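A quick write-up on the structure given underneath.
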Amino acid sequence: MGFERSLADRKGKQFFELPKETTKNNKSRKNRRRSKKPSSPIQKLYETCKQVFASTETGIVPSLEDIQRLQSVLDKMKAVDVGLSPEMPYFRTTADEGTPPITYLHLYENNKFSMGIFCLPPSGVIPLHNHPGMTVFSKLLFGTMHIKAYDWAEVGAENGILASVDASNGTAPSSIRLAKVKVDANFTAPCDSTILYPADGGNMHCFTAVTACAVLDVLGPPYSDHDGRHCSYYLDFPFTKFSAVDGKSIPEAERESYAWLEEREQPEDLAAVGAEYIGPKIVESR
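Every letter in the sequence shown is one number past the one before it in this note's numbering, and letter 16, counting from 1, is -4.
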């Protein structure tokens, strides 16, 4: 999500230095190595992300082997692994509150990848937005969430898909583009993590909390205005909303699988706040 940037001063970035040796006794050091505690799940996720995204750049997708390795780590993540439970204040809402705020917990970010958690109370919404040139892993930690996701439709005479709407009557914006629905369903934890790619898998998506829920996001590379990875928001319209150029190119029975998307400014009712992550700490390695 793009509004992580606006929360930079409240992200609570906290990393602890690795403990230094305080003895020259080789035997003691060996004993400590043997009794070393296993890495926490969030530390393992960080270390895996660091390896998987080591060479990442805009539009570069990790290898299938790396994708499966990172997905395997995420699939095992639970709310308790990041210090969350549905009873926490982030997930409460009141009848007179209006649009419920979403809480963002920052875990880690460098120029290769970022990790964060979105905490949504019931009816909380992360509006339709994109992830330009990015590979994104999402893990629902608990609750039920509705996800609607689109990819830009492949256009051209060879596949018979429309490229634009007929704006000659002045009722349709000329900038509107055709997109294909990739996902439109509820997901309930526990479930596998999902992956979207720069041009496939639902790069533009919207999250709606059916119940209180939390989703852990890993983005590689992260949003960066300087590098052209700016978060854009969209309005979506049914395919039948506008008159289309060569409207017969898509059979009537398939038209519900398509929609028109129009870029918009960040929604004014997007209520997002930052909070300090208080779960198990991440030890940053070099």
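Idealized CB from N, CA, C, for every residue including glycine.
Values in this document were obtained by computation on a predicted structure and should not be read as measured data.
query: Sequence ranges, alpha helix (DSSP H) only - wholly within the stretch 24 to 94, length at least 4; result: 44 to 55
query: F222 in three-state terms, based on DSSP; result: coil
query: CB-CB length for Y214 against L108, believed under 8 Å; result: 5 Å
query: Identity of the residue in P80, V60 and T124 nearest Y257 by Cα; result: V60
query: Cβ contact check for the stretch 114 to 127 and the stretch 40 to 54: 3 or more pairs under 8 Å; result: yes
query: Close Cβ partners of D207 (< 8 Å) along its chain, the five nearest in sequence each way excluded; result: T38 and P201
query: Three-state class that DSSP yields for P107 in the structure shown; result: strand
query: For E242, the residue or residues it bridges with in DSSP; result: L215
query: Own chain residues within Cβ distance below 7 Å of G113, not counting five before or after; result: T38, G39, P178 and R209
query: Reduced DSSP secondary structure (H/G/I, E/B, other) of S204; result: strand
query: Candidates R266, A189, T124 and V161, of which the one nearest P81 by Cα; result: A189
query: Start and end residues, beta strand (DSSP E) containing H185; result: M184 to A189
query: Three-state secondary structure (DSSP) of N266; result: According to the sequence provided, residue 266 is Arg. The question's Asn does not apply to it. Looking at R266 - three-state DSSP - the assignment turns out to be coil, as it is neither helix nor strand.
query: Residue range of the beta strand (DSSP E) that includes Y130; result: T124 to W132
query: Proximal residues to K221 (C-beta, below 7 Å), its chain only, five neighbours per side dropped; result: W240
query: Rounded C-alpha distance that separates N166 from S65; result: 20 Å
query: Exposed unless 16 or more other CB atoms sit within 10 angstroms - verdict on R72; result: exposed
query: Span separating the alpha-carbon of R266 from that of K30; result: 10 Å
query: D164 and A129 closer than 9 Å at C-beta; result: yes
query: C-alpha gap between I22 and P260, whole angstroms; result: 7 Å
query: Presumed contact (8 Å Cβ cut-off) between I175 and I47, rounded CB distance; result: 7 Å
query: Which listed residue (E232, N183 and T36) has its alpha carbon closest to that of K92; result: T36
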